[in-house]
Every structure is written in C-alpha cells, then in structure tokens.
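The numbering of the sequence shown is my numbering, which starts it at 770 and goes up by one. Ideal Cβ placement from N, Cα and C applies to all residues, glycine included. Worksheet: one structure, shown below.
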Amino acid sequence: MERDEIVEEAVALLDEGGYDAVTMRALATRLQVSAPSLYWHFPSKQELWEGIADALVEGVVAIPADEADPDERLLALLADFRSALVRHRDGGRVFAGTFTLGRHMLDLSETATSRLLEAGILDAGDAVDAWFNLVRFTIGSVIEQQAAADQLDDLTSRRAAFENATRARPALRAATDRLFAPDEERRFDQGARHLLAGAKASARA
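Here it is as structure tokens:
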C-alpha cells in the first residue's frame, strides 16, 4: 500500500461523505487494512489532510495560460485553483488550516509567485505575501459557496425576508438583485482583481 493509494481513497471518501466522513477508521475499512497501519504512512491526521489538499490541486499548473498579460495569467491560475477546490465536496474546508509541502501545491505556489513577479511585484517576499492572501481569499470564498449550496432551495423565502428587513435601508435594498444572484464566479473574479491591484499598489509604495 502506497501513500498515493491512501490519498486517492481518502479523496473518494471525502467526495462521498464530506469532510467529517474522512476518519482513519473509515479509511482503513475502505482500504481493508487496520487503522494503525495508516499511521505508518501518515503519522497524524493533519498529515493526511495535507496529503489530500495536495491531491486536490494536482494538474492545476498543467492547464495552459493563453493570456499574454501577466495579471490575467495570474488570475487564470487562481480561477483554476478555485475550480479544483469547488470540484470536491468540502474542498475549501480541506484546505483551511493546512500548510502542505506536497509537490502539487509547491508547483502551484512557485508558478503563482513567478507570475506575481512578472505582474510587477518585484520583491519575492511581497509576491509570497500576495499569494498567501489570494489563497486565503480563495479558500474562504469556496467555503462560503459550498456551505451555501444546501440553502439554494430556500432562496425565495430568504430574499423575501431580506426585502422586508431592508425597507428602511435603501442602499442595501437597491442591491437586492445583485445580492441574490447566484454568480459566484463573477464575485470571485472581482475580489481577486481587487486584491491583486492592492498588492501591486502596496508593492510600489
């Protein structure tokens, strides 16, 4: 039994049952081995999560970037990173709190940092800071999107409640259509562009 096989089954378990379904006992049962044998490959549950997180981003850097503009190349990479997390149940939650040094995440971080340098953030430390902030924004965005997915059926009643609560709040009420439009990709792209622009402005200051 190899580490990659364990991680592959852990990802399958994640997709089937979500974050809380991934336990050493459940994984051992799935692999038909004893739970203690898993600790030979992953001494702690945290190391297993880091392995899973790394597996989720496998192949992201292999997606070709057609954009010539450095900013667009970076934003395309970030969008692909987000898509990789969204594809898996609780993908955002898996990444929260991890610090994986797996080859896939390292390759992704190297590519992103290089593109930030190309985009005009000349100091490697500033580029890494910008990347960390973009990663955290992505994780938070995905967590919110995935957490809200189960509530979409209740959108009509939530909108009605919002409209009632904002009768005396005209600025919020004017934005009702935008707030209740299920357009996560647009919101993510807007936020990522603001963060990138801010990072570049800060680096120039």
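For the pair ASP773 and ARG905, the Cα-to-Cα distance works out to about 26 Å. Rounded to whole angstroms, the gap between the alpha carbons of PHE811 and THR945 is 48 Å. A direct Cα-to-Cα measurement between TRP809 and ALA822 gives close to 19 Å. Shown here for THR869: same chain residues with a beta carbon closer than 6 Å to its own, the five before and five after excluded, namely GLU819, ALA822 and ASP823 in chain order.
Judged by beta-carbon spacing, LEU782 lies within the 8 Å limit of ALA795, meaning their Cβ atoms are closer than that value. Closest by C-alpha distance to GLN914, out of MET874, ASP923, SER813 and ASP859, is ASP859.
By the Cβ-count criterion, ALA916 is exposed, with fewer than 16 other Cβ atoms from all chains shown falling within 10 Å of its own Cβ. Check the Cα spacing between LEU964 and each of ASP898, ASP838 and ILE775: the tightest is with ASP898. For ILE912 and LEU877, the gap between their C-alpha atoms comes out near 20 Å.
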